[in-house]
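Beneath this line is the structure, given in structure tokens, with notes to follow.
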Amino acid sequence: KVAMQDGRALALWSQAIHADIDAAVELAARSSTAQLEVHAGALRNAVTTVLRVTRRLHVIAAGGEPERAFANATPYLDAFGTITVAWRWLVRAREAEQALLGGTTESGFYRGKLHACRYFFANDLPRALSQLEVVERLEDSALQIEEAGF
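5 is the number of the first residue of the sequence shown in this note's numbering; add one for each residue after it.
What follows is the structure, given as structure tokens:
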């Protein structure tokens, strides 16, 4: 579906994420912590990776090898979803950082959001990048099994 309407939805997704990445980097410059900028950089890298992999899959599928392009649809979709969740965590972290900078009375709650974001970026986002490595190299063992093997 990411190729529908010449990739319009994918482009909008990417633009929205990049706008939030830029906002996080801007806030990080005013903040006492560099963590927001680190997360923004990791997310930028993940988005760049998924867009590169998506283009590669599109070329392979359009070139007459759709089975090969879609042989790893599950890890691709899982990685795409994880990157989207990372985006939402970055937005939550930015909101938490703004609240803390504003002197909120709920600092424990907002520090908890920052820790949850850090956990996600340390544990889940790297898994998405590993999945995209498998997809990008067009791992095709699923296509090699003989029908009798089922």
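The C-beta atom is built at its ideal place from N, Cα and C for all residues, glycine as well.
Residue i burial status per 10 Å Cβ neighbour count (16 or more: buried)
{"i": "H43", "result": "buried"}
{"i": "Q9", "result": "exposed"}
{"i": "A50", "result": "buried"}
{"i": "A126", "result": "exposed"}
{"i": "F163", "result": "Because the chain in this structure spans residues 5 to 154, residue 163 falls outside the shown range and cannot be described."}
{"i": "T58", "result": "buried"}
{"i": "L16", "result": "exposed"}
{"i": "T37", "result": "exposed"}
DSSP-derived helix/strand/coil call for residue i
{"i": "R141", "result": "coil"}
{"i": "F124", "result": "helix"}
{"i": "F113", "result": "helix"}
{"i": "N49", "result": "helix"}
{"i": "T86", "result": "helix"}
{"i": "G106", "result": "coil"}
{"i": "E150", "result": "coil"}
{"i": "S36", "result": "coil"}
Contacts around residue i, its chain only, beta-carbon distance under 6 Å, and the 5 residues preceding and following it disregarded
{"i": "A7", "result": "H62"}
Residues near residue i in its chain [Cβ-Cβ closer than 7 Å; skip 5 each side]
{"i": "T88", "result": "none"}
Given 8 Å, three or more beta-carbon pairs between the stretch 97-106 and the stretch 141-151: no
The stretch 110-127 / the stretch 76-83 touching (three or more Cβ pairs under 8 Å): no
The stretch 131-149 contacting the stretch 57-73, beta-carbon criterion three pairs below 8 Å: yes
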